[in-house]
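Under UniProt numbering, the first residue of the sequence shown carries the number 1, and numbering increases by one thereafter.
Working notes, beginning with the structure itself.
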Amino acid sequence: MSVYDVAFLNAELSKPTPIFGVRLWVLVGLLFASFILFTLFLLSLCLTARRKSDRNHHLHPSPSISKEVQQIIHHPSAADHHPISPSAELGKMEHGMVFSSEESRGPTSAGATDTASLGSGSTGPEVSHLGWGKWYTLRELELATNGLCEENVIGEGGSGIVFIGVLTDGAKVAVKNLLNNRGQAEKEFKVEVEAIGRARHKNLVRLHGYCVESAYRMLVYEYVDNGNLEQWLHGDVGDVSPLTWDIRMNIILGTAKGLAYLHEGLEPKVVHRDVKSSNILLDRQWNPKVSDFGLAKLLRSERTYVTTRVMGTFGYVAPEYACTGMLNEKSDVYSFGVLIMEIISGRSPVDYSRPQGEVNLVEWLKIMVGDRKSKEVVDPKLPEMPASKALKRVLLVALRCVDPDATKRPKMGHVIHMLESDDLLFHDVGTIFLQTTKILAFMAPEEGGLAFMAPEEGGFMLFSLWTVSCFCRNGGMQESIQMASKRIAMPQS
Numbered sequence: 001m002s003v004y005d006v007a008f009l010n011a012e013l014s015k016p017t018p019i020f021g022v023r024l025w026v027l028v029g030l031l032f033a034s035f036i037l038f039t040l041f042l043l044s045l046c047l048t049a050r051r052k053s054d055r056n057h058h059l060h061p062s063p064s065i066s067k068e069v070q071q072i073i074h075h076p077s078a079a080d081h082h083p084i085s086p087s088a089e090l091g092k093m094e095h096g097m098v099f100s101s102e103e104s105r106g107p108t109s110a111g112a113t114d115t116a117s118l119g120s121g122s123t124g125p126e127v128s129h130l131g132w133g134k135w136y137t138l139r140e141l142e143l144a145t146n147g148l149c150e151e152n153v154i155g156e157g158g159s160g161i162v163f164i165g166v167l168t169d170g171a172k173v174a175v176k177n178l179l180n181n182r183g184q185a186e187k188e189f190k191v192e193v194e195a196i197g198r199a200r201h202k203n204l205v206r207l208h209g210y211c212v213e214s215a216y217r218m219l220v221y222e223y224v225d226n227g228n229l230e231q232w233l234h235g236d237v238g239d240v241s242p243l244t245w246d247i248r249m250n251i252i253l254g255t256a257k258g259l260a261y262l263h264e265g266l267e268p269k270v271v272h273r274d275v276k277s278s279n280i281l282l283d284r285q286w287n288p289k290v291s292d293f294g295l296a297k298l299l300r301s302e303r304t305y306v307t308t309r310v311m312g313t314f315g316y317v318a319p320e321y322a323c324t325g326m327l328n329e330k331s332d333v334y335s336f337g338v339l340i341m342e343i344i345s346g347r348s349p350v351d352y353s354r355p356q357g358e359v360n361l362v363e364w365l366k367i368m369v370g371d372r373k374s375k376e377v378v379d380p381k382l383p384e385m386p387a388s389k390a391l392k393r394v395l396l397v398a399l400r401c402v403d404p405d406a407t408k409r410p411k412m413g414h415v416i417h418m419l420e421s422d423d424l425l426f427h428d429v430g431t432i433f434l435q436t437t438k439i440l441a442f443m444a445p446e447e448g449g450l451a452f453m454a455p456e457e458g459g460f461m462l463f464s465l466w467t468v469s470c471f472c473r474n475g476g477m478q479e480s481i482q483m484a485s486k487r488i489a490m491p492q493s
């Protein structure tokens, strides 16, 4: 290129352009630099996408399971006549059902997973600001549970799979892996963490810590090594149950105290929403511990939560919650009443293998008690028959808990008082009866009931009230009291 050509090119490039008077060589340089930057941007996007693809390929995915309807039924072997081995069978039976307007998709089995190296791709704890418990890494929990293998599974429910694990310090723990289902796992994880992370009660399963990494949401609980209540009530334990009357009453009372703490000892209060026998774990001294807060709901004081997606277990769900979606602590009270009936009778809340009139436990027990056949509802495997007074007391509590009118159900604190009160039959029912009939005094109890007297001119009226019949059939006390009366004249002086 000649000197003339170079001078001409410089002159042309130095000419101002219509774009803000910018010289042509400046504009060409900007365009070239923009092209280079755009090319580098595209290359970085490609490299990032490829790196994420490789990482997702090496990390095993979180298994998915339906929470809409799940029913895992345990059929004991006919050849196996020895009692359950609690450590091997903890939580294996889980009869769960979730009522939903969405279409059910059915459960899928969770297979074993291989241990994975986290590397630098792991994320930090998302809930560390709660200030309690320990944040476990995914690698720690995989090592503790043999890679979340199927042999370590001790329970499966609507919200996740529970594995037994041994930490590096030798401590046994139960690791609950919440399962992804349309993004619900993370939400349920946070609910459960907030609900029980700060709870400290001897009748609640204690939460030691949690894990939040990648798609995993895990909770680490204390390990309770004597199985769950459902196994001991309905499993193959032989002709005589190891659950004596005193043990059953201890389980009922301990469960009531755990629920009362959730309802009245925390703010916001916690509604469990899934109180049932398989969620009551037992230690070696038969002390109960309420577990599985996967469906728990936090409520501010005196509030009612309304949901269009009713969750719980068929047979335990309160009628108003199932029909309207209105939820408060009285929903747990109803489920607890069903649980009492299950513990006393040894029957499942719903059993389609029984005659038509005995399928629904609540309705059958109301009829039996109303017909003054309370002794016939006792579990035939019970080693000894309880005292009549003790049996009537606990049945009265159960029937009050399942009152169709949620406003008439007692609070759990009142339930504890009724269970611990020896004079419940003569004080609690008597007080209610006196308030509704305005009778001024009552006499000593008669066989199977109470005798009341009311003064009137020239004598008094004697009323006989059958305690156990005041809840028969329609569930209401005032409408179904069976009472006989006679006038007793005062002797003339």
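Even for Gly, the Cβ is constructed at its ideal location relative to N, Cα and C.
Using a Cβ-Cβ cutoff of less than 6 Å, which residues in the same chain neighbour residue i once the five nearest sequence positions on both sides are dropped?
| i | result |
| --- | --- |
| L361 | M341, R347 and P349 |
| E358 | W364 |
| I36 | none |
| G337 | A398, C401 and V402 |
| E447 | Confidence in E447 is poor, its pLDDT being 40 and thus under 50, which makes the residue's placement unreliable; the coordinate value appears in the next sentence. Around E447: no qualifying Cβ. |
| residue 504 | In the structure as shown, the chain starts at 1 and stops at 493, and residue 504 therefore has no counterpart that could be examined. |
Once you ignore the five residues that flank residue i on each side, which residues in its own chain have a CB closer than 8 Å to its CB?
| i | result |
| --- | --- |
| P345 | According to the sequence provided, residue 345 is Ser. The question's Pro does not apply to it. Cβ neighbours of S345 beyond the five flanking positions: L361, L365, V377, V378 and D379. |
| T407 | K330 |
| L419 | M249, I252, L253, A256, R393, V394 and V397 |
| A144 | G165, V166, L167, T168, V173 and V175 |
| L141 | L148, G165, V175, C211, M218 and V220 |
| E12 | L24 |
| K375 | M385, S388 and L391 |
| M368 | S374, E376 and V377 |
| T17 | R23, L24 and L27 |
| Y352 | V359 |
Which same chain residues, not among the five before or five after residue i, have their C-beta less than 7 Å away from its C-beta?
| i | result |
| --- | --- |
| N226 | P86, L282, D283 and R284 |
| G170 | none |
| T39 | none |
| R354 | none |
Starting from residue i, follow the beta strand (DSSP E) in both directions and report where the run begins and ends.
| i | result |
| --- | --- |
| A288 | One point to set straight first is that residue 288 is Pro, not Ala, in the sequence displayed. Element bounds for P288: P288 to V290. |
| L178 | K172 to L178 |
| L282 | I280 to L282 |
| E151 | No beta strand (DSSP E) holds E151; DSSP gives it neither H nor E. |
| K269 | K269 to V271 |
| I19 | Counting along the chain, I19 falls outside any beta strand (DSSP E), and DSSP gives it neither H nor E. |
| V162 | G160 to V166 |
Can you tell me where the alpha helix (DSSP H) with residue i in it begins and where it stops?
| i | result |
| --- | --- |
| G258 | W245 to E264 |
| Y321 | P319 to T324 |
| H234 | L229 to H234 |
| R217 | From DSSP, R217 is part of no alpha helix (DSSP H) but of the beta strand (DSSP E) over Y216 to E222. |
| L207 | Careful: L207 lies outside any alpha helix (DSSP H), inside the beta strand (DSSP E) at L207 to E213. |
| E140 | L138 to A144 |
Checking 8 Å against the spacing of the C-beta atoms, do residue i and residue j come in under that value?
| i | j | result |
| --- | --- | --- |
| G160 | N146 | no |
| residue 504 | Y221 | What is shown of the chain runs 1 to 493, which leaves residue 504 out entirely. |
| V237 | P383 | no |
| N328 | V271 | yes |
| L138 | E230 | no |
| H263 | M412 | yes |
| V290 | G258 | yes |
| G235 | K134 | no |
| I19 | L31 | no |
| residue 502 | I416 | A question about residue 502 goes unanswered here, because the residues of the chain that appear run from 1 up to 493. |
| Y410 | V317 | Per the sequence presented here, residue 410 reads as Pro, with Tyr not at that position. No, the pair does not count as a contact, with Cβ atoms beyond the cut-off. |
| L339 | S277 | yes |
| I343 | W286 | no |
Strictly under 8 Å for the Cβ-Cβ distance: is residue i near chain C by that measure?
| i | result |
| --- | --- |
| L327 | No chain C appears in the structure shown, which is made up of a single protein chain. |
Hey, would you say the C-beta of residue i is under 7 Å away from at least one heavy atom of the ligand FAD?
| i | result |
| --- | --- |
| E329 | Of ligands this structure carries none, so the ligand FAD is not represented either. |
*Within the stretch 344-415, ranges of the alpha helix (DSSP H) (whole runs, at least 4 residues)*: 361-370 and 388-401
*asked:* Below 8 Å, how does it come out for the stretch 313-323 and the stretch 263-271: are there three or more Cβ pairs, yes or no?
replied: no
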